[in-house]
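Trainee: Numbering (my numbering), first residue to last: 143 to 221.
Next up, the structure:
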């Protein structure tokens, strides 16, 4: 969908997307042990923060030559 929209809406609109993995939010409350267990299985040994996704979005907003990209932010969970 991201790539199709990028083609259809170019050159006036750029389309990119974020594909987050596990993110450290309040939804982990009461399950922190599972969160840390999951983090230990990831190559970077951490769960993403909301700020990780925010930084990726801000980067995309400043790059006029990037469109049709899917940014996976999951600490290499899908590696």
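We put the beta carbon where it would ideally sit given N, CA and C, even for glycine.
1. Can you give me the C-alpha to C-alpha distance between residue 156 and residue 221, rounded to a whole angstrom?
2. Tell me whether residue 190 sits in a helix, a strand or coil according to DSSP, three-state version.
3. Return the CA-CA distance between residue 149 and residue 214, expressed in angstroms with no decimal places.
4. Please specify which runs of the alpha helix (DSSP H), each continuous and at least 4 residues long, are wholly inside the stretch 152 to 198, giving them in chain order.
5. Could you check if residue 196 is buried or exposed, using at least 16 other CB atoms within 10 Å of its CB as the buried criterion?
6. Measure the beta-carbon distance from residue 185 to residue 217 and round it to whole angstroms, keeping in mind my assumption that it falls under 8 Å.
7. Note down, in chain order, each residue of its chain lying with its Cβ closer than 8 Å to the Cβ of residue 190, except the 5 sequence neighbours on either side.
Mentor: Here's the rundown:
1. Counted from its first residue, the chain shown places residue 156 at position 14. Counted from its first residue, the chain shown places residue 221 at position 79. In a straight line, the C-alpha of residue 156 is about 27 Å away from that of residue 221.
2. For this step, residue 190 is matched to residue 48 along the chain shown. The answer is strand: DSSP assigns residue 190 an E or B state.
3. By 1-based counting over the chain shown, the position of residue 149 is 7. By 1-based counting over the chain shown, the position of residue 214 is 72. Taking the straight line from one Cα to the other gives about 20 Å.
4. 174 to 183
5. On the chain shown, position 54 is the one that residue 196 refers to. Under this definition residue 196 is an exposed residue.
6. In the chain shown, residue 185 corresponds to position 43, counting from 1. In the chain shown, residue 217 corresponds to position 75, counting from 1. Correct: roughly 7 Å between the Cβ atoms.
7. In the chain shown, counting from the first residue as 1, residue 190 sits at position 48. If we look at residue 190 and ignore the five residues flanking it on each side, its Cβ neighbours are 162, 163, 164, 165, 166, 215, 216, 217.
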